[in-house]
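Here's the structure, in structure tokens; my notes come after.
Protein chains in written order, with the working numbering: chain H, 595 to 830; chain E, 526 to 841.
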């Protein structure tokens, strides 16, 4: 068998930064590949997003029609429709309800193999989640937004800066959402089963992120508190 | 290479002690283990369920922090230097997977190359070896979730070796495998160990693994080492002997004694007798028998390690 198994590893030969980027990139790609394997699930997920998009859009438009001056919280119809459809698109991209991988692995003990790798688990999980983010951006964001644009009038940004700012904020939101989920899932280290915290998170985050209705519809003091004191409004 | 000095791990469990009250109780999983393992050794680490085998391995690999005592692998302290240690050890858990469930084996390997930052040429060379020895080619492009247990285990072994570790920890690597896969895994490990480049530490319930692979056997029970030595030493200590089973044309004369051996059984009206070899070698015993009686057939039976270990577990 020769000595090939025994040669002591040279750790990041020469260029440690470049090697780190390569490792991170490979982990991101693995996250992307994992999701790209399940095409039917991607299709089914997009379909669900679109159906719920119609439901939410009509509910909010009905609210708008019934409100005095037809502008609840200062939004008009097209803005409300845009809120719903972009929100539906962002749902999986930001992934506030992302998969409970970590807590499952803690419960089954598989997390031990994550700890046996020479990469810190937070980095490895973040990279895989960014792969998921990339996949969702390409497959899950596009569908709902196009369908929304076909069936409703959506507003388009008036300044070009809005688009790169939107892109950056989406990426930051994905990282923020990952951080929150990682913490919630990590409760499994103490609780052995994170289902309770995860249910609370699913319920709470939808409301507090402004997924179900724009946060501006809330009383001023509550909306401001949410914006200033919690990460939620920044996520979606 | 691997040093453990009075290593302990206690777990705290809460036991119901009333309607609402719960009492804390400390359970020692590993209770003062001291061991030294030299480079190139192949050590079998056995013990009944719950003896503390996996807990020891987890402390050696940096997954669990010891409650007290010292542990070092390659001079590194596993928990604080976990990532540095991870580059130099390989671990295979028979009951868990370190491969990516949704990805083909080939991509899992490629990913591992980046995680461990192995130069492409080295990676290729090691992978080619493993492909040849473990017959991976047939399922290299199959997603891990579709592999059979035997195929997956061969993948796991490869994954653990691709970065060229100096120590390979194996936690029940043959559990649940069929006979053919077990043989494949064993002969692969035997070949790997024969090079002397890789130190193997193996926990198992299948004693055939140990007989085939390990010169040194460490038996642990209730968190303590109850035996550390060769398999022969274990037999000697527990008085297990080889035996000689002889088929005869005519029963032996009554009062016949074989020097250095004890008659333990006579069957088929004395046509088949069994001697336990105390001090006589098999050759001496056979020569004495052939001189004294007409022997039709004979066989030498090795002592059964399972019996010895069962006795050891029961007495510990």
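Positions of the beta carbon are idealized from the N, C-alpha and C atoms, including for glycine.
Keep in mind it's a predicted model, so treat the numbers as computed, not measured.
By the C-beta density criterion, residue 790(E) is exposed, having fewer than 16 other C-beta atoms within 10 angstroms. Between residue 640(E) and residue 711(H) a beta carbon distance of about 6 Å is seen, short of the 8 Å cut, so the two are scored as contacting. Under the rule that a run must span 4 or more residues, the alpha helix (DSSP H) segments found entirely inside the segment 671-710 of chain H read 671-684, 695-702 and 705-709. Against chain H, the CB of residue 668(E) has a partner CB under 8 Å away; the residue lies at that interface.
The three-state secondary structure of residue 747(H), taken from DSSP, is coil. Residues of chain H whose Cβ lies closer than 9 Å to the Cβ of residue 608(E) are, in chain order, 711, 712, 713 and 714.
By the Cβ criterion, the segment 558-577 of chain E is in contact with the segment 746-755 of chain E, since at least three pairs of Cβ atoms, one from each stretch, lie closer than 8 Å. Residues of chain H whose Cβ lies closer than 7 Å to the Cβ of residue 611(E) are, in chain order, 710, 711 and 712.
Rounded to whole angstroms, the Cβ separation of residue 697(E) and residue 648(E) is 27 Å, and the two are not in contact under 8 Å. The C-beta of residue 730(H) comes no closer than 8 Å to any C-beta of chain E. If you check the CB distance, residue 592(E) and residue 539(E) do not come in under 8 Å.
When Cβ-Cβ separations below 8 Å define contact, residue 700(E) makes no contact with chain H.
Residue contact with chain H for residue 528(E): absent (no Cβ-Cβ distance below 8 Å to any residue of chain H). Residue 623(H) is classed as buried because its beta carbon has at least 16 other beta carbons within 10 Å across all chains shown. Residues of the same chain with a CB within less than 6 Å of the CB of residue 796(E), apart from the 5 flanking positions on each side, are 773 in chain order. Proximity to residue 618(H) across 822(H), 670(H) and 725(H) peaks at 725(H), based on C-alpha coordinates. When beta bridges are read from the DSSP output, residue 594(E) appears opposite no residue. A distance below 6 Å between beta-carbons, with the five flanking residues on each side excluded, links residue 776(E) to the following residues of its chain, in chain order: 795.
Boundaries of the alpha helix (DSSP H) around residue 659(H): 633-660. Residue 698(H) is outside the set of residues whose beta carbon lies under 8 Å from a beta carbon in chain E. DSSP, reduced to helix, strand and coil, places residue 752(E) within a strand of the structure shown. Within 9 Å of the CB of residue 616(H), the CB atoms of chain E belong to 639 and 642, in sequence order along the chain. Distance from the CA atom of residue 732(E) to the CA atom of residue 623(E), rounded to whole angstroms, is 25 Å. Taking CB atoms only, residue 727(E) has no neighbour in chain H less than 8 Å away. Assignment of residue 775(H) by DSSP, reduced to helix, strand and coil, places it in the helix class.
Per the coordinates, the alpha-carbon of residue 767(E) lies some 22 Å from the alpha-carbon of residue 743(E).
The shortest C-alpha to C-alpha distance from residue 557(E) to any of 692(E), 804(E), 810(E) and 751(E) is the one to 751(E). Just so you know, the alpha carbons of residue 801(H) and residue 810(H) end up roughly 12 Å apart.
DSSP places residue 715(H) inside the alpha helix (DSSP H), whose first and last residues are 715-733.
Looking at the backbone, the Cα of residue 543(E) and that of residue 526(E) are separated by about 48 Å. Distance from the CA atom of residue 792(H) to the CA atom of residue 560(E), rounded to whole angstroms, is 43 Å. DSSP, reduced to helix, strand and coil, places residue 615(E) within a strand of the structure shown. Going by C-alpha positions, residue 749(H) is about 41 Å away from residue 614(H). A distance below 8 Å between beta-carbons, with the five flanking residues on each side excluded, links residue 810(E) to the following residues of its chain, in chain order: 769, 783, 785, 786, 800 and 802. By the CB criterion at 8 Å, residue 771(E) and residue 798(E) fall inside the cutoff.
Taken through DSSP and simplified to helix, strand or coil, residue 678(E) comes out as helix.
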